Amino acid sequence: MDLVSLYYFQELSKDLNMTRTAQRLYISQQTLSNHIHRLEQHYGCPLLYRKPTLSLTCAGEFVLSFAQVVEKEERNLEDILSDIEQQERGTLKLGAGTMRGAWILSQLLPDFHRRYPLVEVRFSDALSTQLEAMVSNGELDFAVVLSGSYSPDLLEQQLYQEQVYLCVPESLLRQYYSPDEVRGIKLRSLQGASVRDFARLPFALMDNRLGQRMREYFTREQVHPAVPFTGTATRHILPLCAQGMAACYCTQVGIVANASVLGDQLNIFPLMDQGAPIVQTLSLLRHRQRYLTHYAKYFMELLFQVTGEMERAQVSRVVPELSV
39 MDLVSLYYFQ ELSKDLNMTR TAQRLYISQQ TLSNHIHRLE QHYGCPLLYR
89 KPTLSLTCAG EFVLSFAQVV EKEERNLEDI LSDIEQQERG TLKLGAGTMR
139 GAWILSQLLP DFHRRYPLVE VRFSDALSTQ LEAMVSNGEL DFAVVLSGSY
189 SPDLLEQQLY QEQVYLCVPE SLLRQYYSPD EVRGIKLRSL QGASVRDFAR
239 LPFALMDNRL GQRMREYFTR EQVHPAVPFT GTATRHILPL CAQGMAACYC
289 TQVGIVANAS VLGDQLNIFP LMDQGAPIVQ TLSLLRHRQR YLTHYAKYFM
339 ELLFQVTGEM ERAQVSRVVP ELSV
């Protein structure tokens, strides 16, 4: 059995297209075809259906699973030997949402690189469900995901709870409420806001997991705002909110990561639901059988440190009356 042939077979299974896979691997189609044929000869059965389109046979599915295990174990062995030889070099693969991952890496990479300058960190952005599969099949070492129920071959460790905030432009608040109402709303909302107090305002919404949760919250509170804009991510709605177009909701990391666009005329209140803070719980996901190198352990240590600091950060604020 040839490990290179197994690797090429695993890569072909991602595209199921000889031309694309060969181009991606910088080899000829004939070379790729020869490696697949070599595997089929070794195992004595076809691994691929060639017609009508390329697809895995039942045997091919099992060989793919085996190839993924071999790849993970080979990486484990390389990391173990690297630790034994104290080489302090290697690769770490982290996955997270785009904004959250970018913020986390900006906080921990300088310290990590100073200690382990020969370790390359590779980042992939995807949804939590996609990240789970990538950790499970060995494409990622770690993933920062929304807490949930994940495969039993994965370890989930809670990182932090991320408060959801209500962002309200001062100009919009004064447009829809009297000065006395504005003062009362601000006083009530600083320690925890209810969306009912802002029911007259237009809202920019999101079509994502948090967006679905907030729509359910709005419905439960019998708040049906005008919606001038719907986006798929914080980076779409927060700048519009900062310009006074609509109120919006945003997670703590979203506010911190987009601080440069907020200006000084945006009220930010922690959002509550029936007296309890609305939060998202974030977890670190890793494979149970993945060997942890000394630099991977240090990376985890930094990850828990920076997310802990995020959880404690105070981002609530009220626009003073005199600044209007």
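Each residue of the sequence shown is one higher than the one before, counting from 39 in the working numbering.
Glycine included, every Cβ here is placed at the ideal spot set by N, Cα and C.
Treat the numbers as computed from the prediction; the structure is a model and nothing was measured.
- Message: Just to confirm my understanding: we take Met-252, look at its own chain, exclude 5 residues before and 5 after, and list those with CB closer than 6 Å. What are they?
- Response: On the sequence shown, position 214 is the one that residue 252 refers to. Cβ within range, chain order: Tyr-287.
- Message: On the DSSP bridge list, what partners appear for Pro-207?
- Response: The residue you call residue 207 lines up with position 169 of the sequence shown. Pro-207 pairs with Leu-304.
- Task: Work out the CA separation of Thr-270 and Asn-246 for me, nearest whole Å.
- Result: Looking up residue 246 in the sequence shown gives position 208. Looking up residue 270 in the sequence shown gives position 232. Within the model, the alpha-carbon separation for Asn-246 versus Thr-270 is close to 6 Å.
- Task: Assign Tyr-154 to one of two classes, buried (16 or more other C-beta atoms within 10 Å of its C-beta) or exposed (fewer than that).
- Result: By 1-based counting over the sequence shown, the position of residue 154 is 116. Under this definition Tyr-154 is a buried residue.
- Message: Can you look up Glu-200 in the DSSP assignment and give me helix, strand or coil?
- Response: On the sequence shown, position 162 is the one that residue 200 refers to. Strand.
- State the DSSP-derived secondary structure class of Asp-311, mapped to helix, strand or coil. Residue 311 sits at position 273 when you count from the first residue of the sequence shown. DSSP places Asp-311 in strand when its eight states are reduced to three.
- Around the C-beta of Tyr-64, are 16 or more other C-beta atoms found within 10 angstroms, so that it is buried, or is it exposed? The residue you call residue 64 lines up with position 26 of the sequence shown. Exposed: under 16 other Cβ atoms inside 10 Å.
- Task: Identify whether Gln-318 lies in helix, strand or coil by the three-state DSSP scheme.
- Result: Counted from its first residue, the sequence shown places residue 318 at position 280. Note: Gln-318 maps to strand in three-state DSSP.
- Message: Which same chain residues end up closer than 6 Å to Gln-328 when comparing Cβ atoms and leaving out the 5 residues on each side of it in sequence?
- Response: Counting from one through the sequence shown, the residue named residue 328 turns up at place 290. It is Arg, not Gln, that sits at residue 328 in the sequence shown. Result list for Arg-328: empty, nothing under 6 Å.
- Message: Could you tell me which whole beta strand (DSSP E) segments of length 3 or greater appear in the stretch 140–221?
- Response: 157–163, 180–184 and 192–207
- Task: Buried or exposed for Tyr-203, please, with buried defined as at least 16 other CB atoms from any protein chain shown within 10 angstroms of its CB.
- Result: Reading the sequence shown from its first residue, position 165 is the one you call residue 203. Around the beta carbon of Tyr-203, 16 or more other beta carbons lie within 10 angstroms, which makes this residue buried.
- Please classify Arg-138: is it buried, with 16 or more other beta-carbons within 10 angstroms of its beta-carbon, or exposed? Residue numbering aside, residue 138 sits at position 100 when the sequence shown is read from its first letter. Its Cβ being crowded by 16 or more others within 10 Å, Arg-138 is buried.
- Which residue spans inside the stretch 82–136 form an unbroken alpha helix (DSSP H) run of at least 4? 96–123
- Task: Mind checking who Thr-289 pairs with in its DSSP beta bridge?
- Result: Residue mapping note: residue 289 aligns to position 251 of the sequence shown, counting from 1. DSSP lists Val-202 as partners of Thr-289.
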